[in-house]
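Mapped onto full-length UniProt numbering, the consecutive letters of the sequence shown carry residue numbers 1 to 277. Heads up: the structure comes next, in structure tokens.
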Amino acid sequence: MKIVDNGVLDPSFMDFTTPSDFARQNLYCTPQFGHFYCNQYYHIKRNYLDLFLLLYVCKGTLHLEVDDRHYAAGSNQILLLDCRQPHYYYCNDSVEFLWFHFTGNNSIQYVEFLNKQNDMIYSGNHIDQLKEHFDAVLSYAMISPVNEHRVAMNISQILAKLAAPAQHIFVSNHFINPAVQYINAHYEESIELAELAAACNVSPSQLIRNFKKYLNCTPHNYLLGYRLRQSKLLLVTTSMSIEEIAEKCGFNSASHYARAFRAKETISPSEFRNMRF
Numbered sequence: 001m002k003i004v005d006n007g008v009l010d011p012s013f014m015d016f017t018t019p020s021d022f023a024r025q026n027l028y029c030t031p032q033f034g035h036f037y038c039n040q041y042y043h044i045k046r047n048y049l050d051l052f053l054l055l056y057v058c059k060g061t062l063h064l065e066v067d068d069r070h071y072a073a074g075s076n077q078i079l080l081l082d083c084r085q086p087h088y089y090y091c092n093d094s095v096e097f098l099w100f101h102f103t104g105n106n107s108i109q110y111v112e113f114l115n116k117q118n119d120m121i122y123s124g125n126h127i128d129q130l131k132e133h134f135d136a137v138l139s140y141a142m143i144s145p146v147n148e149h150r151v152a153m154n155i156s157q158i159l160a161k162l163a164a165p166a167q168h169i170f171v172s173n174h175f176i177n178p179a180v181q182y183i184n185a186h187y188e189e190s191i192e193l194a195e196l197a198a199a200c201n202v203s204p205s206q207l208i209r210n211f212k213k214y215l216n217c218t219p220h221n222y223l224l225g226y227r228l229r230q231s232k233l234l235l236v237t238t239s240m241s242i243e244e245i246a247e248k249c250g251f252n253s254a255s256h257y258a259r260a261f262r263a264k265e266t267i268s269p270s271e272f273r274n275m276r277f
């Protein structure tokens with residue numbers, strides 16, 4: 001559909017879909033989408049729209065104002081916006097971008113999780129690889145009838161890759177890798193935050209920020225998760241007692257281990273051991 005709007009230039013297009021009840025309740029879906037080429041007259045100002053926006057900037061810069069803050073998304077950057085809050089985005093010169101609004105499934109929770117971690121603008125070496133998923137969302141949405149499952153799959157791929165870029169980025173990251181290696185090698189022992197920070201040559205507070213940035217958890221939570229993971233192997237592959245496993249995995253008592261295990265798994269270590277895998 002050709003666009004007749006201030007600042008939107010040829011060969012821009014926009015189109016609409018009517019998601020099925022099944023898609024709205026169970027899938028990610030896009031009710032509208034497009035590929036825009038814009039000049040300095042383009043601007044969108046809204047108080048509220050009950051949708052979320054994913055936008056990939058191909059060329060130029062798109063500016064965004066929300067909560068009295070200014071953001072600028074440039075080439076090969078992605079903008080993720082919760083349109084339920086007042087927002088204003090515009091172009092000062094020229095910009096080309098792919099975009100789609102989306103809803104459905106657990107959109108609210110995913111967007112809140114992502115924007116809490118990354119503050120709406122996404123960049124990095126992995127971002128340009130996501131363009132193919134934007135292209136796919138638009139392509140499958142243009143088919144009549146819409147291929148709703150393929151649309152949902154590609155939206156899910158975008159959100160997942162924004163939440164967790166390629167695993168090797170984490171594993172090789174010098175900001176946290178020494179601490180991760182230390183935990184993996186010494187999880188049976190008592191480990192202090194200061195030890196981990198020293199291994200990375202940063203302050204304890206900076207290490208916590210780095211873990212949250214690259215692994216979406218604190219050093220303490222990573223250590224706890226690794227200990228519980230190792231304990232599962234021992235529960236399933238050995239006849240060691242719960243007390244022995246607790247000590248082996250760095251817990252200060254069997255009761256502490258049992259509480260931590262149940263808090264994460266909703267069952268006790270003994271119940272887990274009795275499950276058939």
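Here a beta-carbon is modelled for each residue, glycine too, at the ideal position from N, C-alpha and C.
So, helix, strand or coil for residue i, using DSSP?
i	result
Glu-271	helix
Phe-113	helix
Ile-121	strand
Val-155	Per the sequence presented here, residue 155 reads as Ile, with Val not at that position. Looking at Ile-155 - three-state DSSP - the assignment turns out to be helix.
Ser-139	helix
His-149	helix
Ser-75	coil
Would you tell me roughly how many angstroms separate the C-alpha atoms of residue i and residue j, rounded to the nearest one?
i	j	result
Tyr-41	Leu-98	18 Å
Ala-166	Cys-29	For Ala-166, the predicted structure reports a pLDDT of 48, less than 50, and the residue's modelled location is therefore unreliable. A value from the coordinates is still provided. Cα to Cα, the separation comes out at about 25 Å.
Ala-185	Gln-230	12 Å
Asn-274	His-101	46 Å
Asp-82	Thr-238	49 Å
Arg-150	Leu-9	29 Å
Gly-124	Asp-50	29 Å
Lys-213	Leu-193	17 Å
Around the Cβ of residue i, are there at least 16 other Cβ atoms within 10 angstroms (buried) or fewer (exposed)?
i	result
Ile-169	Residue placement at Ile-169 is flagged as unreliable, the pLDDT there being 44, under the threshold of 50; the coordinate-derived value follows with that caveat. Classification of Ile-169: exposed, given that the 10 Å Cβ count is below 16.
Val-111	buried
Ile-176	buried
Phe-236	The sequence shown places Val at residue 236, not Phe. When all chains shown are included, Val-236 counts as exposed.
Asn-154	buried
Phe-52	buried
His-174	exposed
Ser-12	buried
Ala-141	buried
His-35	buried
Phe-16	exposed
His-220	exposed
Ile-108	exposed
Glu-148	buried
Ala-197	buried
Tyr-48	exposed
residue 296	In this structure the chain extends from 1 to 277, so residue 296 is not present and cannot be described.
Relative to the alpha-carbon of residue i, which residue among the options has its alpha-carbon at the smallest distance?
i	options	result
Asn-105	Gln-85, Met-14, Asp-15 and Asp-21	Asp-21
Asp-67	Thr-61, Arg-84 and Gly-74	Arg-84
Lys-59	Val-146, Gln-77, His-149 and Val-202	Gln-77
Ser-268	Leu-223, Asn-252, Ile-242 and Gly-74	Ile-242
Pro-178	Phe-211, Glu-132, Asn-147 and Glu-189	Phe-211
Asn-92	Gln-129, Cys-38 and Met-120	Cys-38
Asp-135	Ala-164, Leu-162, Leu-54 and Glu-188	Leu-54
Phe-226	Arg-259, Tyr-182, Ser-255 and Leu-207	The sequence as given places Tyr at residue 226; Phe does not occur at that position. Ranking the options by Cα distance to Tyr-226, first place goes to Tyr-182.
Glu-96	Asn-216, Gly-74 and Leu-114	Gly-74
His-126	Lys-116, Gln-32 and Lys-161	Lys-161
Ile-245	Ser-203, Asn-216, Val-137 and Tyr-187	Tyr-187
Please find out if some non-hydrogen atom of the ligand GDP comes closer than 7 Å to the beta-carbon of residue i.
i	result
Asp-67	Looking at this structure, you won't find the ligand GDP or any other ligand, since it has none at all.
What are the start and end residues of each continuous beta strand (DSSP E) run of 3 or more residues lying completely inside the UniProt domain "HTH araC/xylS-type" (177 to 275), in chain order? none
Output the residue ranges of the alpha helix (DSSP H) runs that lie fully inside the region 18 to 44 and measure 4 residues or longer, sorted by chain position. Counting only runs of 4 or more, we get 21 to 26.
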